[in-house]
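Numbering (the UniProt record's numbering), first residue to last: 1 to 421.
Set out below in C-alpha cells:
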C-alpha cells in the first residue's frame, strides 16, 4: 500500500520533495557558513591591522594617564631580542603577524619636525625553536596603498614616506630624505609613498636598526603591534580582562586554553620582560559584534526558509488528503483506525521529505562553497553536526506541516465521503 501510494502520486510527491529540498538547501548553506563564520570574520578583520599592542610597563602607565594620541619617543623600551618569544606562546599558531615600532623625534633638512617610526617592513626572524617566520609591517598594514614598493629587509636606507608629507615637500619615489636627531644624521631613499588615511600619512617609516642608530640605543623597540586570530569575548573573557586573579582555578584553565584576545595578551606578557600587552578594544569588540550579528542573520534566514517550506508543504499535503478523501473513507469503512491511516500518511510524507532533504543537503553544501568563495575568498569546511541538524529540521518541518492535513483527516466521516457529501 505504501509503495503504491508513493508511486501513484508522483507529481505531488515531486513538488513536496522539491519544496523540502529548497528549505534544506538554504538551511544547510546557512548553518555551514555560520559554523565557519567565526574564523572567516576574524581572518578578514586581521587583514586590517593589529588587535593587540605590547608596550613597556612604564610607557603603558604614562600613556594611560597622559596619552595625547600622538606618537612620541618612549622613555622605556622592550627588548628586540625577545620579539621572537611572541611566536612561542601556547597560542603560537594564532599569532598571524607582528611588527615592532620605535618612534623617533627627528627633523628633516629644512629643520621641520618629522614623525619618524622604525619598524620591520618584511623581516625574516629565526626563532629559538629552530623555526623561522616572515613578519612585518607589509603584512600587518597590508591595506596601505603603496606608490612604489615596500623596502626590502636588507635595504638599510629604504623608507616609506606618508602621502601628506611627500606632497608637502615634493617628494617622489627615488628621492632622498635627510633625518637628524641630536647631531646624528642619516640619508634615506624613498622606496614608496604610502596612503593610509590616518596619521601615518604625515610621517616617515624607516628600518628598525636605523631608528635605533638615530636614538643611539641598540636592541630596543618602543612597542609591538600583534595581529592574532581570536575567539570572541564572553563573560569569562570579560571577567579575566578586568582581573585574571579573580578567576578560579578551573576558570583560569579554561580562559588560558581558549584563544580569547585577553588570554593571548596575557601569554605575551609572560614571555616579554616588563611588558604590558593590551587588546585594541575597538577591534576586539568589533569582532564579537560583527560575528554575533552575522550569525543571527543566518539563523533568521534559516528559520524563515524553513517556515516558508512548512507552509508550502502544508498546502500540498492537505490538498493531497482532500483528493484522497474517498480512499480514506473506504479505509475507515473497512475498519482502519485513525492512527493507522495517520501513520501511513506520515510515513509517506516523511519518506518524500527525506528524499528532498538529501537533495537539498547536497545543494546546500555547493551553495555554502559558493558563498565562501564569493564573500571570504576561501572554502567552507565540512561540519558533521550540520548533517544531523538538517535531518532533524527536515523531519520536524515535514511533521509540523502535516498537522493541518491530519486534522482534516480526523474530521472525515466515512459515510458522508462514500455517499459523495
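Every residue, glycine too, gets a C-beta built ideally from N, C-alpha and C.
Burial state of residue 130 is exposed, judged by a 10 Å Cβ sphere holding fewer than 16 other Cβ atoms. Under DSSP, the beta-bridge partners assigned to residue 279 are 52. Under the 10 Å beta carbon count, residue 302 is surrounded by 16 or more other beta carbons and is classified as buried. The beta carbons of residue 51 and residue 261 sit closer together than 7 angstroms. By the Cβ test, the stretch 110-118 is in contact with the stretch 198-208, since at least three Cβ pairs between them sit closer than 8 angstroms. Using a Cβ-Cβ distance cut-off of 8 angstroms, the stretch 388-397 and the stretch 306-313 are in contact, since at least three pairs of beta carbons, one from each stretch, lie closer than that value. By the Cβ test, the stretch 13-33 is in contact with the stretch 348-366, since at least three Cβ pairs between them sit closer than 8 angstroms. Contact check for residue 96 against residue 296 fails: the beta carbons are separated by 7 angstroms or more. With fewer than 16 other Cβ atoms inside 10 Å of its own Cβ, residue 154 counts as exposed. If you look at residue 235, you'll find it in the alpha helix (DSSP H) that goes 235-242.
Between the C-alpha atoms of residue 165 and residue 177 there is a straight-line separation of about 11 angstroms. Each residue's CA atom was taken as its position, placing residue 171 and residue 187 some 14 angstroms apart.
The closest CA to that of residue 14, considering only 413, 276, 350, 389, is found on 350. The Cβ neighbour count for residue 410, taken over all protein chains shown within 10 Å, is under 16; the residue is labelled exposed. In the DSSP assignment, residue 142 forms no beta bridge with any residue.
Short of 7 angstroms from the beta carbon of residue 279, and not among the five residues preceding or following it, lie these beta carbons of its own chain, in chain order: 51, 52, 261, 262, 265. DSSP places residue 160 within a strand segment (E or B) once states are collapsed to three. Taking the Cα positions, residue 403 is about 8 angstroms away from residue 314. Remark: fewer than three beta-carbon pairs, one from each stretch, lie closer than 8 angstroms, so the stretch 93-112 and the stretch 236-244 are not flagged as touching. Counting only the Cα atoms, residue 179 lies some 6 angstroms from residue 106. When the beta-carbon positions are compared, residue 196 and residue 144 come within less than 7 angstroms of each other. In the structure shown, residue 123 falls within a strand segment according to DSSP collapsed to helix, strand and coil. Taking the Cβ atoms as the reference, residue 380 lies roughly 17 angstroms from residue 388, outside the contact range of under 8 angstroms. According to DSSP, residue pairing for residue 207 in a beta bridge involves 119.
Setting aside the 5 residues that flank it on each side, residue 412 is surrounded in the same chain by 325, 328, 329, 332, each with a C-beta closer than 8 angstroms to its C-beta; the list follows chain order. Between residue 88 and residue 128, the beta carbon gap of about 7 angstroms places them in contact (Cβ cut-off 8 angstroms).
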